[in-house]
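I have placed the structure first, in the form of C-alpha cells, so that the comments after it can refer back to it.
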C-alpha cells in the first residue's frame, strides 16, 4: 500500500503520495484558492516553467514543447490551448491540472524522471485519456514497469450518481466488441468484476460509479500492476473543508494538482 501525507505550506494543507516521493508534487486543497499554478509552483520548486491548458473534458494530452509556459505577470492575457493533459518533455518543468470532482492524475517514470498531469473526468475516462498519456511515455522509450500513477482526491463511487448512458460509455472503455450488446449486458459485465467500479442506486435508471476505479482498471489492462498505482482515500464531495466539489456546490471553483519533472 502507498501512503498519502498531509503537508503544510504557510499553514495551508496539501497532499503528497509516497509513490511519487522522488518528484516534487502536490495535490492542493481548496485552502490555496484563489492561487494558481504560477503561485503554487513556489511550493514545489520555484523559478521553473509552469504549464497548464484549458481543460475541455476530452482525451488530448500535449507535450510541453507544444505549449507556451505560463508567465506569472501575463497569465491572464495568454489564451490557453485546449487539452486535458500535459507531458513534460524536459527536466524541471511543472505540469498542472485543475479539478473539483474529476480525477487529478499525476504520472512519473522512475527511470527517466519524465512526468505527466492529467484531468480525468468521466468523459475523459470514457475516452481513455490516461492510456493516452501512458502512450506519450512509451513513445519516448518508457517501460510500463517503470511508471508510477497517483490518482488524487475525487468524488467517490458511493456518492457519484450518473445515468445508465454515462455508465455504459465508461463500461465500453473496458470491454471490446460491445456493438452487439445491450447497455444492460455491458453493465452486467462490469458489475461482475472484482471490486467493481459500479454500485446500484435506488433511483430508476441511475447507478453510482467510481471514476478512479475505471482508470485503475484501464491501467491494469495496459499491463500496469496495482502496486504501481496509488488511489487517494479522499472524496471531494464528502469533505467540504478540504475540497471544492462541483456536484455538491455547483460552483466553478477548483483545486490544483502539479508535478515537476526530474
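In this note's numbering, the protein residues as written are -16 to 245. From the three backbone atoms N, C-alpha and C, an ideal C-beta is built for every residue, glycine too. Every value quoted in this text rests on a predicted model; they were computed, and no experiment measured them.
Residue i to residue j span [Cα, whole Å]
i: residue 71; j: residue 48; result: 8 Å
i: residue 206; j: residue 38; result: 28 Å
i: residue 6; j: residue 237; result: 23 Å
i: residue 163; j: residue -8; result: 53 Å
i: residue 200; j: residue 139; result: 16 Å
i: residue 85; j: residue 230; result: 10 Å
i: residue 117; j: residue 110; result: 14 Å
i: residue 142; j: residue 220; result: 8 Å
i: residue 253; j: residue 30; result: Lying before the first or after the last residue shown, residue 253 is absent from the chain, which here runs from -16 to 245.
i: residue 93; j: residue 208; result: 15 Å
i: residue -13; j: residue -2; result: 7 Å
i: residue 87; j: residue 148; result: 23 Å
i: residue -11; j: residue 77; result: 20 Å
i: residue 103; j: residue 83; result: 11 Å
Collapsed DSSP secondary structure at residue i in the structure displayed
i: residue 131; result: strand
i: residue 92; result: strand
i: residue 24; result: helix
i: residue 144; result: strand
i: residue 209; result: helix
i: residue 238; result: strand
i: residue 114; result: helix
i: residue 215; result: coil
i: residue 229; result: helix
Cβ-Cβ distance between residue i and residue j below 8 Å
i: residue 228; j: residue 100; result: no
i: residue 136; j: residue 10; result: yes
i: residue 24; j: residue 33; result: yes
i: residue 105; j: residue 20; result: no
i: residue 180; j: residue 197; result: yes
i: residue 13; j: residue 225; result: yes
i: residue 108; j: residue 153; result: yes
i: residue 66; j: residue 36; result: yes
Limits of the beta strand (DSSP E) - the one that residue i falls within
i: residue 40; result: Here residue 40 belongs to no beta strand (DSSP E), and DSSP marks it neither H nor E.
i: residue -1; result: -5 to 0
i: residue 191; result: 189 to 192
i: residue 70; result: 68 to 71
i: residue 182; result: 181 to 183
Residue i: first and last residue of the uninterrupted alpha helix (DSSP H) it sits in
i: residue -8; result: Careful: residue -8 lies outside any alpha helix (DSSP H), inside the beta strand (DSSP E) at -13 to -8.
i: residue 170; result: 166 to 174
For residue i: DSSP bridge partner residues
i: residue 102; result: 87
i: residue 6; result: Residue 6 is not bridged to any residue.
i: residue 82; result: 238
i: residue 45; result: 69
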